[in-house]
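What follows is a short report on a single structure.
Numbering (my numbering), first residue to last: 256 to 324.
Here is the structure:
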């Protein structure tokens, strides 16, 4: 490695806004099983499927109809 690097011509990462952030979330076993079974069918990791589904919900402003009685 060099002792000194020149970053004067460097630019910001254009994909920085698309980076993912690791979090902890509690999901029930049935939900995880559902996404795992779909992931085996389509060949996409189940965590990516969950992310795609949540992103779609956010993009379409889908909301749950919660009625607490």
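From the three backbone atoms N, C-alpha and C, an ideal C-beta is built for every residue, glycine too.
With contacts defined by Cβ atoms closer than 8 Å, residue 304 and residue 287 do not form a contacting pair. The straight-line gap separating the alpha-carbon atoms of residue 312 and residue 324 is approximately 25 Å. Assigned with DSSP and collapsed to three states, residue 290 falls in helix.
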